[in-house]
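Novice: Just so we're aligned: the sequence shown equals residues 1 to 517 in this note's numbering.
Each residue gets a CB set at the ideal place from its N, CA and C atoms; glycine is no exception.
Quantities reported herein were computed from a predicted structural model and do not represent experimental measurements.
Quick one: the structure is below, questions incoming.
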Amino acid sequence: MDTLQVGQFGLVLQQAKAPLIVPLLKFLVVVCLGMSVMLFVEKVYMGIIIIFIKLFRRRPLKHWKWEAIKDDVELGNSAYPMVLVQIPMYNEREVYQLSIGAACGLSWPSDRIIIQVLDDSTDPTIKDLVELECQRWASKGINIKYEIRDNRNGYKAGALKEGMKHSYVKQCDYVAIFDADFQPEPDFLYRTIPFLVHNSDIALVQARWKFVNSDECLMTRMQEMSLDYHFTVEQEVGSATYAFFGFNGTAGVWRIAALNEAGGWKDRTTVEDMDLAVRASLRGWKFVYLSDLKVKNELPSTFKAYRYQQHRWSCGPANLFRKMVMEIVRNKKVSPLKKFHVIYSFFFVRKIVAHIVTFVFYCVILPATVLVPEVQVPIWGAVYIPSTITLLNAVGTPRSLHLLIFWILFENVMSLHRTKATFIGLFEAGRVNEWVVTEKLGDALKKKLGAKAPRKPRLRIGERLHMLELIVGFYLFFCGCYDLAFGKNGYFIYLFIQSVAFFIAGVGYVGTFVPNS
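Here you go:
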């Protein structure tokens with residue numbers, strides 16, 4: 001009976017193949033090829049612009065006025081603008097001392113700077129530790145304020161918004177923002193504030209991130225490759241061409257007048273930083289990116305933390321695009337070319353198409369063509385375009401070129417979560433406003449591993465298994481076996497290797513494992 005049922009199912013599938021499955025798959029291949037071409041053109045365009053920037057040494061110091069702020073005998077310290085430094089944090093036991101210490105170590109007249117620690121911690125022990133740290137710096141003469149709320153409404157955006165309401169903020173001209181694991185160099189303000197002082201149309205000066213733990217494990221090296229491209233190419237090109245790019249949420253200085261004119265912080269999405277940047281840009285404000293000014297910070301080194309971060313970073317922009325696209329179209333203050341750049345390049349291609357085409361095309365549609373040989377993918381779409389895109393992405397981190405294959409496999413695995421998050425954002429599904437703070441380990445891992453050899457921790461299978469990765473892995477493995485037995489494309493090599501990557505992620509064998517204390 002079972003054999004008969006399988007045979008009937010196979011017959012139905014075969015009958016549906018020609019009139020339904022083949023045309024549908026051909027249509028999806030065309031759509032995916034179209035998205036691949038869009039992404040390819042965008043990458044090549046940015047590559048050409050970055051070459052132009054490097055050849056002609058088009059630096060912010062040449063394009064914008066910059067003069068060091070000098071001491072004035074008559075004015076004294078009042079020659080320096082008043083600066084607010086905000087440090088939002090939430091249960092940051094491992095890193096709170098680093099960020100507070102770095103902020104308090106900024107070189108700036110002590111009577112012209114206010115350090116504001118916005119502590120949303122729910123752990124009373126951590127709250128006490130952070131408050132004691134603030135008191136310790138206050139006893140050294142640092143003007144530091146410890147601020148708490150009785151709720152976490154709006155998460156980070158809510159904390160920053162509440163922080164701006166305090167009376168002492170009214171005397172400040174600019175606000176620098178650092179997440180809890182960021183450690184600016186002492187000269188950070190001296191290198192950024194002059195751009196704002198001498199150019200009245202600049203709203204934001206953004207610094208680059210420097211990763212202190214990029215060599216911790218293979219996963220952090222993969223992250224470094226992706227983020228280095230973002231900072232080396234995407235931010236640089238946006239700054240040089242349209243004076244617009246997405247604020248990274250930290251390691252930047254805002255003109256408070258521009259921040260307020262744009263409507264302040266809003267918590268309608270999980271990318272409050274990008275939201276503010278787009279709104280400020282639509283009001284005509286310009287942004288400057290400083291690639292040579294680097295701020296040390298930490299990459300998430302556990303797979304769980306990285307997945308949550310990527311969900312937020314993928315879901316938020318898609319949701320913001322849904323909310324703002326018509327507002328951008330109707331805007332009268334910026335040129336049509338800049339609106340096209342924001343809608344098409346910044347949002348649609350980079351934040352939506354890039355995620356969807358990576359997973360849907362290379363992990364779903366391309367393997368499916370193995371099972372339906374009537375549908376062919378041209379070699380330029382299956383090999384040439386993705387190879388070129390990959391090589392262009394690799395320019396940001398030359399030291400990791402030998403890891404390129406691992407990076408491709410890892411990015412394809414992560415594209416599963418980014419695609420899912422993108423659709424959640426576009427359709428405002430259940431987890432659209434989920435905010436899980438990215439776990440920072442600081443020196444915690446070193447301390448735990450530095451102790452006497454711990455007993456092997458007991459793991460619950462459910463904590464390490466990720467079913468979506470395993471399902472995709474089995475699908476790719478099946479397609480690889482079918483191609484090896486019946487196919488002529490030779491895709492089985494890629495399919496087997498990529499399925500192994502999904503299996504490894506599926507059993508949680510990615511990133512750093514932090515043993516229980």
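Just to check my reading of the structure: Leu468 and Gly480 have Cβ atoms closer than 8 angstroms, yes? What is that Cβ distance to the nearest angstrom?
Specialist: Going by Cβ atoms, the distance from Leu468 to Gly480 rounds to 19 angstroms, so no, they are not a contact pair.
Novice: By Cβ distance, which residues of its chain are closer than 7 angstroms to Thr512, with the 5 residues on each side in sequence left out?
Specialist: Glu216, Cys217, Ser301, Thr302, Leu445, listed in sequence order.
Novice: In whole angstroms, what separates the C-alpha of Val394 from that of Met225?
Specialist: Note on residue identity: the sequence assigns Ala, not Val, to residue 394. C-alpha separation (whole angstroms): 7 angstroms.
Novice: Is DSSP giving Asp273 helix, strand or coil here?
Specialist: helix
Novice: At what residues does the alpha helix (DSSP H) containing Phe40 begin and finish?
Specialist: Its alpha helix (DSSP H) spans residues 22-55.
Novice: Which residue wins for smallest C-alpha separation from Val437, given the options Val37, His311, Ile202, Val73?
Specialist: Among Val37, His311, Ile202, Val73, the Cα nearest to that of Val437 belongs to His311.
Novice: With DSSP as the reference, please indicate the residues paired to Leu118 in a beta bridge.
Specialist: Paired residue(s): Pro88, Glu147.
Novice: Using the Cβ count rule (16 or more neighbours within 10 Å means buried), how would you classify Tyr174?
Specialist: buried
Novice: Terminal residues of the continuous beta strand (DSSP E) containing Lys351?
Specialist: Counting along the chain, Lys351 falls outside any beta strand (DSSP E), and DSSP gives it neither H nor E.
Novice: For a minimum of 4 consecutive residues, which ranges assigned as the alpha helix (DSSP H) are wholly contained in the segment 369-394?
Specialist: 385-393
Novice: With C-beta atoms as the reference, is Trp407 less than 7 angstroms away from Met222?
Specialist: yes
Novice: Provide the residue span of the beta strand (DSSP E) that contains Ser523, from first to last.
Specialist: Any answer about residue 523 is impossible in this case: the structure gives the chain only from 1 up to 517.
Novice: How do the segment 283-290 and the segment 191-210 stand: do at least 3 beta-carbon pairs fall below 8 angstroms, yes or no?
Specialist: yes
Novice: Helix, strand or coil, according to DSSP, for Phe423 in the structure here?
Specialist: Three-state result, Phe423: helix.
Novice: Just tell me which of Ser110, Glu92, Asn91, Gly101 has its CA closest to the CA of Asn77.
Specialist: Ser110
Novice: So, Val372 versus Lys26, is the Cβ gap smaller than 7 angstroms?
Specialist: no
Novice: Within the continuous beta strand (DSSP E) that includes Ala251, where are the two ends?
Specialist: Premise fails: Ala251 is in no beta strand (DSSP E) and is neither H nor E.
Novice: With DSSP run on the structure shown, which of helix, strand or coil describes Arg208?
Specialist: strand
Novice: Output needed for Asp431: all residues of its chain with C-beta closer than 6 angstroms, excluding positions within five of it in sequence on either side, in chain order.
Specialist: Per the sequence presented here, residue 431 reads as Arg, with Asp not at that position. Cβ within range, chain order: Ile424.
Novice: Are Pro186 and Val295 touching if we call contact CB-CB under 7 angstroms?
Specialist: Taking 7 angstroms as the Cβ cut-off, Pro186 and Val295 do not qualify as a contacting pair.
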